[in-house]
Amino acid sequence: MVMATREQHIRKDKATSNICSNQAFIATIAGAAILARGEAGMAACCTAGRDRAHRVAAQLHTIPGLKVCYAQQAFWNEFSLMLPEPAAAVLAKGRTAGLHLGVDITGRTPCNCSLLKISFSDIQTDADTDRLVAFFEGLYGKATGSAALPAVPAQLLRSGAVGLPSFPLAELKAYYSKLGELNVSPDTGCFPLGSCTMKYNPHINDWAAGLPGFTALHPQAPVEDAQGALELLWQIQQWMQAITGLPGLTTQPVAGAQGELVGLKLFQAYHRHHGQAHRDIMLIPSSAHGTNFATATTAGFVNRQRADGAPSGIVILKSAPDGRVDQADFDAKIAQYGDRVAGMMVTNPNTSGVFETDFKRMADAVHRAGGLVYMDGANMNAIAGWVNLDQLGVDAVHNNLHKTWTVPHGGGGPGDGIVGVSARLVDFLPGYQIEKQGDRFVPVRPKHSIGSFHRHWGNFAHKVRVYSYLLRLGHAGVQRMSAMSVLASRYLFNRLGKQFPSLPTAADGVPRMHEFILTLTEEDFKRIEAAGIPRANIISRVGKLFLDFGFHAPTVAFPEVFGLMIEPTESYTKDELDRFADAVVAIGELIRSNPEVLKSAPRFTPVDRVDEVAANRTLVLSEHLTALPKINENRLSPVLLNAMPIAEIKARILVTV
22 MVMATREQHI RKDKATSNIC SNQAFIATIA GAAILARGEA GMAACCTAGR
72 DRAHRVAAQL HTIPGLKVCY AQQAFWNEFS LMLPEPAAAV LAKGRTAGLH
122 LGVDITGRTP CNCSLLKISF SDIQTDADTD RLVAFFEGLY GKATGSAALP
172 AVPAQLLRSG AVGLPSFPLA ELKAYYSKLG ELNVSPDTGC FPLGSCTMKY
222 NPHINDWAAG LPGFTALHPQ APVEDAQGAL ELLWQIQQWM QAITGLPGLT
272 TQPVAGAQGE LVGLKLFQAY HRHHGQAHRD IMLIPSSAHG TNFATATTAG
322 FVNRQRADGA PSGIVILKSA PDGRVDQADF DAKIAQYGDR VAGMMVTNPN
372 TSGVFETDFK RMADAVHRAG GLVYMDGANM NAIAGWVNLD QLGVDAVHNN
422 LHKTWTVPHG GGGPGDGIVG VSARLVDFLP GYQIEKQGDR FVPVRPKHSI
472 GSFHRHWGNF AHKVRVYSYL LRLGHAGVQR MSAMSVLASR YLFNRLGKQF
522 PSLPTAADGV PRMHEFILTL TEEDFKRIEA AGIPRANIIS RVGKLFLDFG
572 FHAPTVAFPE VFGLMIEPTE SYTKDELDRF ADAVVAIGEL IRSNPEVLKS
622 APRFTPVDRV DEVAANRTLV LSEHLTALPK INENRLSPVL LNAMPIAEIK
672 ARILVTV
């Protein structure tokens, strides 16, 4: 699980999973909630639902015509109720009375009866449960008593304490605030992590996502009581159709890589529907994101040899020296595999920050061969609002809400990868499309839907954040967002390209979009090697030196082993970009005059350089907590470093050598 977030970029098609998003951010919130409750609070939280469920079940079981299913079996906080009329009718009556009763599970069990599943937790009150019982009494008559229902046997329950500590809420708030202050953030300075689009996330978006009308709404609430949420989803469909030019959208995927998988499963469904299930080739450029290879394998495009000796699975398209797809190789692969091509996956702009100018040509060729085209939309921040993907020939594309569309994803997710599709694939989309029927918004399942990839609407709070962001930008603002991200990148590339070589080496003169890759000269590498640092470690050590200047490191050693990939986004002023450029120039001067500075970088952070591979392989999965762990302070905080002249930082680094 720990290694999974990087496995795709190392092992590609041999990765065990295609998902590269992790949920560390959500885990942090869950951990804080557990600590806030403590031992007693968690026990009370757990037993409250059980106690209410048993009290209500015991009463309902004695109402004429009602019966708790499997009443002889123990249950915890939920039970099924057998009804004398269709569950759907009872749910409708409950809604009229202002109650969302539960879930209709009729037909899920062997019995030919009407069943309603009801769940309880600590959020209900005794008044809520009394109201629920009164509702059923109003329908079928008074409860005649309280039935004796079995409890969970004692031998199945924990007998001892969990051992959770208890802390005052104020102490916990101060502790987590202090932890947050240790992190470098786009809020405080340029965050150049290439291919990750670490842009500023307006706080109003989180405010909107936290509104009670959204957070308290159950995802299975009746359509009539979820019109605000459904309208928001419909509005996002309209916005994304306008931005991408593609007519269909699914909001279900909760990661960019899951969006990729949705796209490829749509391709397969389309081909099966048209009697073309034999198509077993997926074309992917060698420069593609590692998730593309892993996703294709997960979808079933496994590299193997067919009975006739021909290969199947992933066919790699070579990159030309300038980083774009080699067109001669592409033409040869289309000629060789034509009627077996299921599709092509291309990141555009690619991971070198270069726009694939032959994309339309390739898309047309794939379509002529009967295949479909997937565009990895990880870098949509460069082209949103400027390129009509439908006219470009795209059949499916994921939009990372956690990158381009301002959902926070530092520290580990959570991700969201909504997928737009061409007219070819609209009828196959998973989940539901929201249609406006008069003044109502209604979920409608496409006629050839591939099913569901995620319950309900994906990470719904993210959709609220995105809608808030889109309303603030406006349609012209979307174009300005992308234009400014490209302008910032080209401005930095123009400054830094004069100080450092760039990659790919043959891409001189090729316009960069939202990001670019720098490297060192051969003389630099030799000088640093002479100082005792192996060549394979040099780029990662240079990345650590960025931390000493108060910046997060660029993306190191991807997609070029000896490259630093820089993506400034549109979030920073010219002064901030200039300061970052000055720092990069200073880093170059330091490693040329005193290459030994790389041995001890980073030197101002709370801890020294971490052996990440060893840490990932020597996991501490559980640790008994009796007090809040000691926080190691920054030796110089990013806030202080950001306020300090670059020359002074450089001098302080030299003092430590």
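Basically this note's numbering = 1-based index in the sequence shown + 21. The beta carbon of each residue, even a glycine, is placed where N, CA and C say it ideally should be.
Asked, Found
"In the DSSP output, what is Arg-325 paired with across the bridge?", "Ser-333"
"Do you know how far the Cα of Ser-198 is from the Cα of Gln-145?", "31 Å"
"Could you pull the start and end residues of the beta strand (DSSP E) that Met-365 belongs to?", "362–368"
"Between the alpha carbons of Thr-626 and Val-678, how many angstroms are there, rounded?", "16 Å"
"With DSSP as the reference, label Gly-234 as helix, strand or coil.", "helix"
"Answer yes or no: do Ala-399 and Ser-180 have a C-beta to C-beta separation smaller than 8 Å?", "no"
"Based on Cα-Cα distance, which residue from Leu-177, His-239 and Gly-62 lies nearest to Pro-189?", "Gly-62"
"Would you list the one or two residues that DSSP bridges to Phe-100?", "Ile-139"
"Give me the residue from Val-487, Asp-569, Pro-525 and Gly-479 with the minimum Cα distance to Trp-426.", "Val-487"
"Under the assumption that Ser-443 contacts Leu-200 (Cβ atoms under 8 Å), give the Cβ distance between them as a whole number of angstroms.", "Contact doesn't hold; Cβ gap of about 45 Å is too wide."
"Using a Cβ-Cβ cut-off of 7 Å (strictly less than) and excluding sequence neighbours within five positions of Thr-130, which residues of its own chain qualify?", "Leu-136"
"Looking only at its own chain, which residues have a Cβ that is under 7 Å from the Cβ of Pro-666, when we skip the five neighbours before and after it?", "none"
"How long is the line joining the alpha carbons of His-573 and Phe-567, rounded to whole angstroms?", "6 Å"
"Please classify Leu-170: does DSSP put it in a helix, a strand, or coil?", "coil"
"Please classify Ala-175 as buried or exposed, where buried requires at least 16 neighbouring CB atoms within 10 angstroms.", "exposed"
"Tell me whether Ser-129 sits in a helix, a strand or coil according to DSSP, three-state version.", "The residue asked about is misnamed: residue 129 is Arg in this sequence, not Ser. Three-state result, Arg-129: coil."
"Whose C-alpha, out of Ala-169, Thr-117 and Cys-67, is nearest the C-alpha of Asp-143?", "Cys-67"
"Could you compute how far the alpha carbon of Ser-621 sits from the alpha carbon of Leu-232?", "46 Å"
"Counting along the chain, where does the alpha helix (DSSP H) carrying Tyr-512 start and finish?", "481–517"
"Going by C-alpha distance, which of Asp-545, Thr-590 and Leu-657 is nearest Pro-616?", "Asp-545"
"Got a sec: does the ligand MN put a non-hydrogen atom nearer than 7 Å to the Cβ of Ser-135?", "Only the bare structure without any ligand can be found here, which leaves the ligand MN out of the picture."
"What is the rounded straight-line gap between the Cα of Lys-75 and the Cα of Asn-98?", "One detail in the question is off: residue 75 reads as His in this sequence, not Lys. Roughly 7 Å separates the two Cα atoms."
"Looking at C-alpha atoms only, which residue of Ala-54, Val-440 and Thr-318 is the closest neighbour of Gln-262?", "Val-440"
"Pairs of beta-carbons, one from the stretch 629–640 and one from the stretch 534–541, closer than 8 Å: are there three or more?", "no"
"Alpha carbon to alpha carbon, how far is Pro-464 from Leu-251?", "8 Å"
"Using a threshold of 8 Å, state whether the C-beta atoms of Ser-308 and Pro-650 are closer than that.", "no"
"Answer yes or no: do Thr-126 and Lys-114 have a C-beta to C-beta separation smaller than 8 Å?", "The displayed chain sequence assigns Ile, not Thr, to residue 126. Contact flag unset, no."
"Pull up the DSSP beta-bridge partners for Thr-68, would you.", "Beta-bridge pairing links Thr-68 to no other residue."
"By alpha-carbon positions, which one of Asp-360, Ala-602 and Met-366 ends up nearest to Leu-338?", "Met-366"
"For my contact list, Val-691 and His-483 are in at a C-beta cut-off of 8 Å; report their separation, rounded to the angstrom.", "In the structure displayed, the chain extends from 22 to 678; residue 691 sits before or after that span and is not available."
"DSSP state of Leu-539, grouped into three classes?", "strand"
"For Leu-254, I'd like the list of residues in its chain whose CB is within less than 7 Å of its CB, leaving aside the five on either flank, ordered along the chain.", "Thr-272, Ile-455, Trp-478 and Lys-484"
"Comparing alpha-carbon positions, which option in Leu-450, Gly-374, Leu-422 and Pro-429 lies nearest Gly-438?", "Leu-422"
"Please report the residue range of the alpha helix (DSSP H) in which Tyr-395 lies.", "Per DSSP, Tyr-395 belongs to no alpha helix (DSSP H); it is in the beta strand (DSSP E), 393–397."
"Does the stretch 158–178 come close enough to the stretch 77–92 that 3 or more CB-CB pairs lie under 8 Å?", "yes"
"Tell me the DSSP secondary structure of Met-24 in three-state form.", "In this prediction, Met-24 has a pLDDT of 46, which is less than 50 and means its spatial position is unreliable; what the coordinates show is noted afterwards. It is coil, neither helix nor strand."
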